[in-house]
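Asks: Take a look at the following structure, please.
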Amino acid sequence: MKYAKKDFPVSEIRRFLEPGPIVLVSSFYKGETDIMTMGWHTVLEFSPSLIGCMITNANHSFELIRKSKECVINIPEVALLDKAVKIGNCSGENVDKFEEFNLTAKKASIVKAPLIEECFANLECRLYDAKLVQKYNFFIFEVVKAHAAKSAKYPKTFHYTGDGVFTLSGRNVTRRKLFKPEYL
């Protein structure tokens, strides 16, 4: 198929490249917790399991994560979509987001940041490389412990495409037969 194309604003290209589902990042430092909504993340390596995240320094969570050098990346399903938007529209400086949005903080196994019990997966992360934090607000985390619901093999996640619009995960298809076994 060939497409007729027009010029497109470069400031909006994230609509095509948003790398993955919206996540809720929980943090803890010196008795203070926060949750932020994040869509700018990407898997960088399999072993060690590395995730790159862009967290703006204007976000209250930025300093908590920078100072503690850890966080939990919590992956919600579509049932939490409205809460995720509302979490992203307020500051943890003024609001206890666990209380405000009726979310359950659960003790993590390794890091001090809490898990969000209502999310189907929780990735406990430690800062692996901070070289890009000051210049680009880009954190590289190592996932040191992962927790996932037994029943959410193909969770219903949501992905932000900009302008207040989300894409919901849809039908799953397999092409397993086309893969070489070492690439599965």
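Using the numbering used here, read the sequence shown as starting at 1327 and increasing by one per residue. By construction, the Cβ of each residue, glycine as well, lies at the ideal position given by its N, Cα and C atoms.
1) Does residue 1408 pass the burial test, meaning 16 or more other C-beta atoms within 10 Å, or should it be called exposed?
2) Let me make sure I understand the geometry here. Which of 1421, 1457 and 1497 has the alpha-carbon closest to that of residue 1380?
3) Within its chain, find whatever has a CB closer than 7 Å to the CB of residue 1473; leave out the 5 residues flanking it on each side and keep chain order.
4) In angstroms with no decimal places, state the Cα-to-Cα distance between residue 1493 and residue 1507.
5) Which residue comes first and which comes last in the alpha helix (DSSP H) that contains residue 1408?
6) CB-CB under 6 Å to residue 1481, same chain, minus the five flanking residues each way: which ones, in chain order?
7) For residue 1429, name the three-state secondary structure that DSSP assigns.
8) Would a C-beta distance cut-off of 8 Å place residue 1400 and residue 1349 closer than the cut-off?
9) How far does the beta strand (DSSP E) with residue 1454 in it reach, from first residue to last?
10) Tell me the rounded alpha-carbon separation between residue 1471 and residue 1489.
11) For residue 1377 versus residue 1451, is the C-beta distance shorter than 8 Å?
12) I think residue 1511 touches residue 1398, with their Cβ atoms under 8 Å apart; what is that distance to the nearest whole Å?
Replies: Quick look at the numbers:
1) Per the 10 Å Cβ criterion, exposed.
2) Looking from the CA of residue 1380, the closest CA among 1421, 1457 and 1497 belongs to 1457.
3) Excluding its 5 nearest sequence neighbours in each direction, residue 1473 has C-beta neighbours in its own chain below 7 Å: 1441, 1447 and 1448, listed in chain order.
4) So the two alpha carbons sit approximately 31 Å from each other.
5) Unbroken alpha helix (DSSP H) run through residue 1408: 1407–1414.
6) Cβ neighbours of residue 1481 within its own chain (closer than 6 Å, five residues either side excluded): 1403 and 1446.
7) Residue 1429: coil per DSSP, three-state reduction.
8) Yes, Cβ-Cβ distance for residue 1400 and residue 1349 is below 8 Å.
9) Counting along the chain, the beta strand (DSSP E) containing residue 1454 begins and ends at 1447–1455.
10) Going from the Cα of residue 1471 to the Cα of residue 1489 covers about 34 Å.
11) Yes; because the gap between Cβ atoms is below 8 Å, this pair is in contact.
12) Shown here, the chain extends from 1327 to 1510; a query on residue 1511 therefore has no answer.
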